[in-house]
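Q:
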Amino acid sequence: MNEVLSQEKLSLSEKIKYFFINPRKFYTGGNNKSSWFLLFVLLVMTGSFLQGKTIATFFSTVMNMGGEVEEEAVAIVGKISMLFGLGMGVIGSVITIFLTSLIILLSVKFILKGEITYKQVLSIYCISNIPTIIFNVIILLFYDQVANTVSLTEFMTLFIRKVNFLSIWSLALLIIGISVVSKVSLRKSAALFIVFAFIVLTFNFGSFFISEGMSTEIPKLELPE
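Numbered per our numbering, the sequence shown spans residues 4 to 228.
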C-alpha cells in the first residue's frame with residue numbers, strides 16, 4: 004500500500020538527511036518508496052504500550068494506596084490492566100490514525116482546495132509522526148525511572164506529552180508534507196493545521212480541567228458511626 008508522492012528518487016542516506024534538514028526536499032523526492040505501513044505499525048504499537056504502561060501504573064498505585072495489599076495481587080492487577088491498556092491502545096490508535104487522515108483529506112480538499120488522495124494523506128500522517136514514535140520510545144525506556152524520581156502533577160504530565168519539541172516537529176512535518184503533495188501554499192497549510200492543533204489542545208486541556216472539577220465537586224459519602 005505504498006503511495007508514490009513524487010517521481011524523483013533519492014538514496015536512503017539522502018532521505019534521512021533531508022528528513023532532518025530539509026523536509027520539503029524529502030517530500031519532493033525522498034518518499035517514492037516509503038514503507039509507511041511500518042511507521043503505522045510502530046506508531047500504533049509504541050502508543051499502545053505507553054497506554055498499557057500508564058493504565059497498569061495507575062491501578063497499581065491505587066491498590067497500594069488502599070492499605071496493605073499482597074504483592075502478588077498487585078502484580079496480577081498490573082498484568083491485567085497492562086493487557087487491557089494494550090488492547091484499548093491498539094483500537095484507539097488505529098481509529099485515530101484513519102479518522103484523522105480522513106479529516107485532513109476533507110479539510111485539504113474543501114478548505115485548501117488541494118489535490119491529494121487518502122493514501123497520500125495516510126502516508127504523510129505516518130511519516131510526520133516519526134517524532135511521536137521517538138517520544139513514545141523514550142518515555143517507555145525511562146518510564147519507571149522518571150516515575151520514581153520525578154514528581155509531576157497530572158496537568159504537567161499532560162502538558163509535556165502534548166507540547167514538546169518532538170510534537171512541534173511532528174506538526175511542522177505534517178504542514179510541509181501536505182503543502183508539497185497537495186500543491187497548496189505553505190502559509191495556508193500552516194494556518195489550517197495550527198488552528199487544528201489549537202483546537203485539539205483546547206479539547207485535551209478542557210477535558211482535563213472539567214474532569215478535575217467534577218472529581219473535586221463529588222461529595223464524599225459519610226457513613227454514620
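Beta carbons are placed, not taken as given, at the ideal position from N, Cα and C, and that holds for glycine.
1) Compare the C-beta of K20 with all C-beta atoms of chain D and state if any pair is closer than 8 Å.
2) Would you mind working out which of I100, L108, A59, F158 sits nearest E118, comparing C-alpha positions?
3) Suppose you measure from the CA of N132 to the CA of S182; what does that come to, to the nearest Å?
4) Do you know offhand how far N35's Cα is from L15's?
5) How far does the alpha helix (DSSP H) with K122 in it reach, from first residue to last?
6) DSSP three-state call for S214: helix, strand or coil?
7) When you compare the CB positions of T60 and V140, do they come within less than 8 Å of one another, or not?
8) Could you give the distance in angstroms between the alpha-carbon of I106 and the alpha-carbon of I127?
9) Closer than 6 Å by C-beta to T135: which residues in its own chain qualify, once you throw out the five before and the five after it? Chain order, please.
10) Tell me the rounded alpha-carbon separation between L41 and V203.
11) On the CB-based measure, 16 or more other CB atoms within 10 Å of its CB, does L46 come out buried or exposed?
12) Helix or strand or just coil, what does DSSP make of L1?
13) With respect to the alpha helix (DSSP H) encompassing F168, which residues constitute its N-terminal and C-terminal limits?
14) Alpha carbon to alpha carbon, how far is V83 from L169?
15) For F145, which of helix, strand or coil comes out of DSSP?
16) Is L13 helix, strand or coil when you go by DSSP?
17) Thinking just about the alpha-carbon of each residue, which of F101, G55, G95, G92 is nearest to the one in V80?
18) Measure the C-alpha to C-alpha separation of I19 and T205 and round it to an integer number of angstroms.
19) Tell me whether F196 is buried or exposed, calling it buried when 16 or more other Cβ atoms sit within 10 Å of its Cβ.
A: Walking through what the data contain:
1) Protein chains in the displayed structure number just one, and chain D is not present.
2) L108
3) Taking the Cα positions, N132 is about 16 Å away from S182.
4) Low confidence applies here, because N35 scores a pLDDT of 43, under 50, leaving its location unreliable and the question unanswered by this model.
5) 121–131
6) In this structure, S214 counts as helix in the three-state DSSP scheme.
7) Contact check for T60 against V140 fails: the beta carbons are separated by 8 Å or more.
8) 13 Å
9) S173
10) 26 Å
11) Counting Cβ neighbours within 10 Å, L46 comes out buried, since at least 16 surround it.
12) Past the boundaries of the shown model lies residue 1; the chain is included only from 4 to 228, so the question cannot be answered.
13) 168–185
14) Per the sequence shown, residue 83 should be read as Ile rather than Val. L169 has its alpha-carbon roughly 31 Å from the corresponding atom of I83.
15) coil
16) coil
17) Nearest Cα to V80 within the set F101, G55, G95, G92: G55.
18) 34 Å
19) buried
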